[in-house]
Structures are given as C-alpha cells and as structure tokens.
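Engineer: Before I ask anything, let me first share the structure, which is written out below as structure tokens.
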Amino acid sequence: MTIIEQSPAEPAATPDVPAYRLAGVTKTYSQKGRVVQALKGVDLEIAPGEFVTIQGPTGGGKSTLLQLLGALDTPTAGHVMIGDTDLAQASATDLEHVRAREIGFVFQAFNLIPTLTAAENVDMGLEPLGLGSAERAARVTDALERVGLAERADHRPGELSGGQQQRVAIARAIAKRPRVLLADEPTGNLDESMRDDILAVLEQLNADGLTLIVVTHDSAVARRAGRRLRLDKGTVRDITR
Amino acid sequence: MYWTYLRRELSGRKKQTTIVATGLAIAIALVIIVNALSAGVRDAQAQALESVYGVGTDLTVSGAQAEPGEGGGRGGPQFDFDDDEGTTADDGTTNLSQSRLMTDFLRGTIEASTLDTVSGIDGVAAASGALSLTNTTFDGELPQRPDATTDDTAEGGQAQPMPDDGDGGGMGGFGGGSFSVDSFTVLGVEAADTAVGPLSAVEVTEGRALADADAGAYVAVLDASYATSADLAVGDTLDVGGTAFEIVGVVSSTSSEADTAANVYIPLDVAQDLSGAGDVVSTVYVQAASSDQISAVQAALEEALPDVTVSSQSDLASDVSGSLASASSLITSLGTWLSVIVLAVAVALAILFTISGISRRTREIGTLKAIGWSNRRVVGQVAGESVVQALIGGAIGVVLGLAGVLAITLISPTISSAPAAESTFGPGGSGGMGGMGGFGAQLGQTSADIVLSAPLSVGIVVLALLLAVAGGLVAGAFGGWRAARLSPAEALRAVA
Chain A
1 MTIIEQSPAE PAATPDVPAY RLAGVTKTYS QKGRVVQALK GVDLEIAPGE
51 FVTIQGPTGG GKSTLLQLLG ALDTPTAGHV MIGDTDLAQA SATDLEHVRA
101 REIGFVFQAF NLIPTLTAAE NVDMGLEPLG LGSAERAARV TDALERVGLA
151 ERADHRPGEL SGGQQQRVAI ARAIAKRPRV LLADEPTGNL DESMRDDILA
201 VLEQLNADGL TLIVVTHDSA VARRAGRRLR LDKGTVRDIT R
Chain B
1001 MYWTYLRREL SGRKKQTTIV ATGLAIAIAL VIIVNALSAG VRDAQAQALE
1051 SVYGVGTDLT VSGAQAEPGE GGGRGGPQFD FDDDEGTTAD DGTTNLSQSR
1101 LMTDFLRGTI EASTLDTVSG IDGVAAASGA LSLTNTTFDG ELPQRPDATT
1151 DDTAEGGQAQ PMPDDGDGGG MGGFGGGSFS VDSFTVLGVE AADTAVGPLS
1201 AVEVTEGRAL ADADAGAYVA VLDASYATSA DLAVGDTLDV GGTAFEIVGV
1251 VSSTSSEADT AANVYIPLDV AQDLSGAGDV VSTVYVQAAS SDQISAVQAA
1301 LEEALPDVTV SSQSDLASDV SGSLASASSL ITSLGTWLSV IVLAVAVALA
1351 ILFTISGISR RTREIGTLKA IGWSNRRVVG QVAGESVVQA LIGGAIGVVL
1401 GLAGVLAITL ISPTISSAPA AESTFGPGGS GGMGGMGGFG AQLGQTSADI
1451 VLSAPLSVGI VVLALLLAVA GGLVAGAFGG WRAARLSPAE ALRAVA
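Line by line, the protein sequences give chains A and B.
Counting along the first sequence from 1, when you hit position 112 you're at 112 in the working numbering, and nothing is skipped either side.
If you want the working numbering, it's the position in the second sequence, counting the first as 1, plus 1000.
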C-alpha cells in the first residue's frame, strides 16, 4: 500500500485543552432483568494528538466507553467533556452535531453501505456538514488518497478486500476532519498483512496530529500506541510502559 | 446523495420494491376503474332517466300508490262484450275487438290544478304535466256458437259446455277460439311544455310535433321505435281507446340508444277525455331554478301537496331497474368495497415491508447515526424510499387503470334500463272472458339500451396518484418512527 499524498490534519485544539476529559463516569443499563454496571466512576484525560489504545476482557466495558466517547450514548453519572462540550448534559441535537463534526468512527465490521461505491460511502460521512458539492468532492478525493484508495473510488464494498473496505471506512471517518478518531477493533476482521496496512494508515493520521483512540484485543496494535489503557470490570488503569 | 442512496437502496431490494409496488398498482388501478365505471353508471342512469323524465327534470310529483282494487276498481283492463257485439262471418265465426285506455291502476292520479300550485312554488323554474295511459286492445275469434240445445244462454260471453264432438275434445269448453292482447303506452301531453318533461328529450324525425292547435284533436305522434315495430308512419291511423287517431309525426329520443317516454303521444285534453280519468295528470315534472335549490323546492312541494309523492333525481334513479340497476349496485357496493380493501391491503403490505426493512437495516441506520446523520435525515431517507416505491406502484396502477378503462370503452357493453313499471298489470280481475290475469308483464314500460362508458377525468387520475403517495407516506411514517426510535448505541450493539 502506498500513501499517495499526505496532508496535514486540521490543527488540534490548543494543547492546554484535553481532547477528552472524563470525570466520575458511570454507566449502568438493564439486561435481561439484571442491572449491569459497565463503567464505574471512570476518570480519564486524553490529550490532543495522543494515540491511545484501550484493552481488556470481553464485557469489561470497552465498547461502552467508546460509545460514550463517540457521543452515541450518555453516561448514567459523571461528565464526558470533548473540548468544552459536556456530552453527558448535551441534548440529542447537540450530540448529533458532535458526531457529525468532531468525531470520526471506525467499526470492526467496516459498516459500509453495500449499494454505494467507495467514494459515495465516504461522501455519506460529509452529508451532515452541509458543504457544497465541490467541497465535498474535494474532501472525498483527499480522504481516499490519504488512505491510498483513490483508484478504487468507483468500486463497491463487495469488490474490495477487507483491508480496503476498512480503509474506506477510515476515509469516511476522516473526510469530515474530526477532532478525534475512534476505532472499535479496526483490525479485528483482518489478516496480518491487512492489519499492518491499517495500522500504518492510523499511525500516519496520528502523526498528522489526529487524536486516535482504539479499542483492541490485538497486542500488536496496542504496542503501536503512545498510551495503553486497560478497562476491566468497569474501571480504567494505565498500563503503558 | 439523497437520491443516489434512495435509488441504490430500492435497486438493491428489487423483490420488496416489486411486491409493494405491485400491490399498490393493483389497488390504484381498481380505484381508477371503479371510479370511471361509477361515473359511467351515473351517466347511464342520467341518460335512462332523461329518456323517461326528460332533460332538466329535477323533481317529479305523482299520485300516491294505490292497492289493487282500491276505490272499487278491480285492477287491469276489463273487456265486456254484449250479446250482439262483434261481427259474425258466414261460417258463424265471431270476431270481437275492444280497446281500453286506462291510467295506471296502481298509482293514483292528481288534479291538473296541481300544476298551478307547483308552478307557484318559490324556486320552480318550469313545470309540466302529463297523463300516463295504457291502451290495451283485445282481439278474439270465437267459433260458431253452440246450438240452443241446452236451456242455458250465454251471459256476458261466459263459456258454455259443448257436447262431445267425438274428436277427443272431451266434455265441456266452448269449442276453441283465438285471442290476442296488444298494448302500447300513451302519454297525454301539453304541446307547449317542451322546457321540462318527456317532450324536452325528443326530436322530430318525421312529420311534426304536437302543437297547441291540436288541443281536442285526434292526432298522435309516435315514438320512432314503436312506429317501426308497429309498421306505422305519418299519415296512417292508430286506434287509441277505440278512436282513430291520425299520426302526424314520429319522434325519437335525443339519446341515441334510448326509447322515448311512451309509444304514443296525444293531446292532454283528449287523453283525459278518452280515458274518462277527468281533469287529472299522472305526473308533474318540475325543474328547479338551480341545483342547490332542489332540496328546498322538494320540501316546499311536500308541504304544499301532502297527498302526493315528490321524487328527486336520486329517488328516481333508485327506480331504474334492469341490468343498469344491477351494474350500479355492483359497482357502488362491491366495486367500492373491493378497491378499499385492496388499497388497505396494499398499504398494510407496504408498512410491513418497510418496518421489516428497518429491522434488517438496524446496523446500517445505527452507523448513519454514528457518523453524524440526524434523526430527521434518517427518517427523511426512509420515508422517501417508501414514497418512491408508492409512486412507482401508483404510476403502474395508473397505466393499468387506463388500460382497463380503454378495454371497457372498446368492449362498450350495452346494458338495459327501465324505470319501475307505472303500468304494471298483474293478475287481472274476474269476469269478462274468464279473466285476463296472469300476464304479469310490465306493459307500457319505457326501456333503454345504453352503452356503458367509463369516462375518465384528470381528477380521478390525480386522486389515484395522491392515494398512492398517501399510502407511501403512511408506510414511511411507520418506518421512520421505527428508525427514529433506534438508539445508535443499541443499534450497533445489536450486531456486535
């Protein structure tokens, strides 16, 4: 894989303001009549430009934490600050706004629309921004080039390999020039060589200044991170060495 | 992106799109065909009524229904022959012939002065009266009367037992004979009343129409169909009620497929005189000043004339019998219900498929919300897909509906119509030649064969398309509601 063009990411927030600040975050929900406490009083700060991985056993709360960071859900208690916005207090409209502009999300199963081409899938991420068609086209091209898939713009997901599909998903996430990129097991469905390709892409984005938070079981991925967190039974600890 | 995504989604779900669109197409086609046929039936009914009641008749005033035998009448025409009546030939055969001109014994007549009362009602633009009669002619041939070998003499033509002639004729009977009964309808009219009533829907095809100067004269105008069947023409004479009338004209209905209101038209005063009915009419035809005054005029007439029956066009329409009535009933009840049920089923199918589609797209919808799509945007996308599916179905339905209407127009089915009998002769009274009862036939009835059309208006097509869109919106609303309720976190967890 060759990254054709590298363009600097948007300048991150001023160094003094963390990308994320979590204070006393708790999340409980009911499951089959039982009350499950997925997160218990999590305190966490993530600086702009950091590459953070979150590891832990299944059911430890990793996906729940990622969904709170991604403004997909709200905590039962505590504060989740992204810049100056407290996601815990935000209205549904505000959360939509944050998801549209501040956060890029990459899923384990790629979650591409199978009936759309690679370029159209990337364009789906720009839909909420209300940009003009020229600006949208330029961003789509730029994002696909950054992940090395410019020549596959007209291919549908069914015509792409797993690694290529995940790169399209990453392009979709970065086209909006988010403050932070969240990835939930981005290499979980990929073989070793594809994993390395994806990691290279993610590292390059991080090098360009993008804050990266990756949930992963893969220690090979975790080793690439600047900071490693472990989430177990709802509590977080830093395991970076 | 909206239309691209929508188009791709519908293309990717061809089977579902086909089923939903087909369901709606059938429903919309039915709506169009049923509506067009309803309009055609209404036109046909108007045509049928027009042939009987004339153009512009909004209301009719007629006498109250009478029971047979009421008022001393024995119902049906009676033919009484004296001993010396008829002509006897050399071989002893006696030919008998008699005509009776009678009003409808099942419905009372109304005083002619009622016309003045009606004309004086506020809102009445025009009124005319007519006397409906039926001329029945009895012709019979009796063989030579039996010798006076018995001491019985015939009374009133009653049959007498005959001796056995050895021909196997058996005992009794009068030796045979032949009889025939013929009838035609007669309408006594005022020549000047052409604005409303039966004369307003006719045109002269031969000779002339009745004129004011014909009052008191024995002149008649014939319906063209009757003239043809009876082989009569202008200049011939016709026996009406035992009096010879000169035929001065032939008329036909302005509606090409219908007969006029009666077989024969004669001056009103002559009709009243010959029938012995007196200064009466059977029906007063009323034209209201405007269509929105019809109800008020009807109410005023009913108040001013409590002993008569006042009927509006819709009341008259319900009297139309024949296959037109059957067609009307079939289309308005069965046809309407069928199209409502099919439309409801099609919309229900659309809703079910939309909701099922949302369920299968839970992850996709969760992803859209996760990458920043608002609820409104997601709902708009889902609703748009449903509406487009419905529009596809609606468009196909319009084409199918138009094809159905075209087929009906090409086939041009003919249906018969007849107003309910005003001169119905049931089992007759006793006496005479052993009673004339049992014909049961509706004599003197005006019938029309009308070509059923299925007129289509732009309004019906637009209505059909709007129904399709409404169906799509309903399905889209259900799907959108389902999509809006999906929390992105739950949606993504659902497939984790």
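Note that beta-carbon positions come from the ideal geometry of N, C-alpha and C, so glycine has one too.
1. Of the residues that make up the region 1369 to 1386 of chain B, which ones have a beta carbon closer than 8 Å to any beta carbon in chain A?
2. Quick one: what's got a C-beta closer than 6 Å to residue 1475 of chain B's C-beta in the same chain, skipping five residues either side?
3. At what residue ranges does the region 75 to 159 of chain A contain a whole run of the alpha helix (DSSP H), taking only runs of 4 or more?
4. Kindly identify the DSSP beta-bridge partner or partners of residue 1508 of chain B.
5. List the DSSP bridge partners of residue 1206 of chain B.
6. From the DSSP output, in three-state form, read off residue 1371 of chain B for me.
7. Could you list which residues in chain A have their beta carbon closer than 8 Å to that of residue 1489 of chain B, in chain order?
8. Could you give the DSSP three-state label for residue 1105 of chain B: helix, strand or coil?
9. Identify the continuous alpha helix (DSSP H) that holds residue 1200 of chain B and give its terminal residues.
10. How about residue 173 of chain A and residue 110 of chain A: do their beta carbons lie closer than 7 Å?
11. Kindly list, in the order they appear in chain A, the residues whose Cβ is closer than 7 Å to that of residue 1363 of chain B.
12. Exposed or buried, residue 1058 of chain B, counting other C-beta atoms within 10 Å across all chains shown (16 or more means buried)?
13. What is the rounded straight-line gap between the Cα of residue 1377 of chain B and the Cα of residue 139 of chain A?
14. Residues in the same chain with beta-carbon distance under 7 Å from residue 119 of chain A, minus the five sequence neighbours each way, listed in chain order, please.
15. Compute the Euclidean distance between the alpha carbons of residue 1432 of chain B and residue 1138 of chain B, then round it to the nearest angstrom.
16. Determine the chain A residues that contact residue 1012 of chain B at a beta-carbon separation under 8 Å, and present them in chain order.
17. Closer than 8 Å by beta-carbon distance: list the chain B residues that pair up with residue 125 of chain A, in chain order.
18. Are the Cβ atoms of residue 181 of chain A and residue 229 of chain A separated by less than 7 Å?
19. Round the Cβ separation of residue 1020 of chain B and residue 1389 of chain B to the nearest angstrom and send it over; I've been treating them as touching at under 8 Å.
20. Would you kindly report the start and end of the unbroken beta strand (DSSP E) that includes residue 1009 of chain B?
21. Considering only C-alpha positions, which residue in the set B/1413, B/1477, B/1469 and B/1183 is nearest to residue 1451 of chain B?
22. Ignore the nearest five residues each way along the sequence and tell me which others in residue 1468 of chain B's own chain have a CB closer than 7 Å to its CB.
23. Using a C-beta to C-beta distance shorter than 7 Å, which residues of chain B count as neighbours of residue 135 of chain A?
24. Pick helix, strand or coil for residue 1456 of chain B, following the three-state DSSP scheme.
25. Of the choices A/89, A/78 and A/171, whose alpha-carbon is the least far from that of residue 39 of chain A?
26. Please list, in chain order, all residues of the same chain as residue 1194 of chain B whose beta carbon is under 7 Å from its beta carbon, the five residues on each side excluded.
27. Count the other CB atoms within 10 Å of the CB of residue 1237 of chain B; is the residue buried (16 or more) or exposed (fewer)?
28. To be precise: take each residue of the region 172 to 193 of chain A, compare its Cβ to all Cβ atoms of chain B, and keep it if any distance is under 9 Å. Which residues remain?
29. Does the region 1126 to 1135 of chain B come into contact with the region 1271 to 1289 of chain B, if we say contact requires no fewer than three beta-carbon pairs (one atom in each stretch) closer than 8 Å?
30. Can you list, in chain order, the residues of its chain with a C-beta nearer than 7 Å to that of residue 1481 of chain B? Leave out the 5 residues immediately preceding and following it.
31. Helix, strand or coil for residue 56 of chain A, going by three-state DSSP, please let me know.
32. Taking the C-alpha atoms as reference points, what is the distance between residue 1456 of chain B and residue 1030 of chain B?
33. In chain A, what lies closer than 7 Å to residue 1485 of chain B by C-beta?
34. Go to residue 212 of chain A, then tell me how far its beta strand (DSSP E) extends in each direction, as first and last residue.
35. Keeping to the same chain, check which residues put their C-beta closer than 8 Å to that of residue 1250 of chain B; ignore five residues upstream and five downstream.
36. Spell out whether any CB of chain B is found under 7 Å from the CB atom of residue 157 of chain A.
Structural biologist: Here's the rundown:
1. 1369, 1370, 1371, 1372, 1373, 1374, 1375 and 1377
2. 1350, 1351, 1354 and 1386
3. 92 to 101, 118 to 126 and 133 to 146
4. With chain B covering 1001 to 1496 only, the question about residue 1508 of chain B has no answer from this structure.
5. B/1250
6. coil
7. 67, 72 and 73
8. coil
9. First-last for residue 1200 of chain B: undefined, no H or E at that position.
10. no
11. For residue 1363 of chain B, the chain A residues whose Cβ falls inside 7 Å of its Cβ are 111, in order along the chain.
12. buried
13. 21 Å
14. Hits under 7 Å: 140, 144, 153 and 154.
15. Confidence in residue 1432 of chain B is poor, its pLDDT being 33 and thus under 50, which makes the residue's placement too unreliable to answer from.
16. 114 and 115
17. 1371 and 1372
18. no
19. 5 Å
20. From DSSP, residue 1009 of chain B is part of no beta strand (DSSP E) but of the alpha helix (DSSP H) over 1002 to 1012.
21. Measuring from the Cα of residue 1451 of chain B, the nearest candidate turns out to be B/1413.
22. 1024, 1028, 1390, 1391, 1393, 1394 and 1397
23. Near residue 135 of chain A there are no residues of chain B at all, since even the closest Cβ is about 13 Å away, more than 7 Å.
24. In this structure, residue 1456 of chain B counts as coil in the three-state DSSP scheme.
25. A/78
26. 1200
27. exposed
28. Under the 9 Å Cβ criterion, the region 172 to 193 of chain A contributes 172, 173, 176 and 184.
29. yes
30. Hits under 7 Å: none found.
31. coil
32. When rounded, the distance between both Cα atoms is 13 Å.
33. By Cβ distance, chain A contributes nothing, its closest Cβ being about 12 Å from residue 1485 of chain B, past 7 Å.
34. 211 to 215
35. 1204, 1205, 1206, 1207, 1221, 1222, 1223, 1224, 1227, 1233 and 1234
36. no
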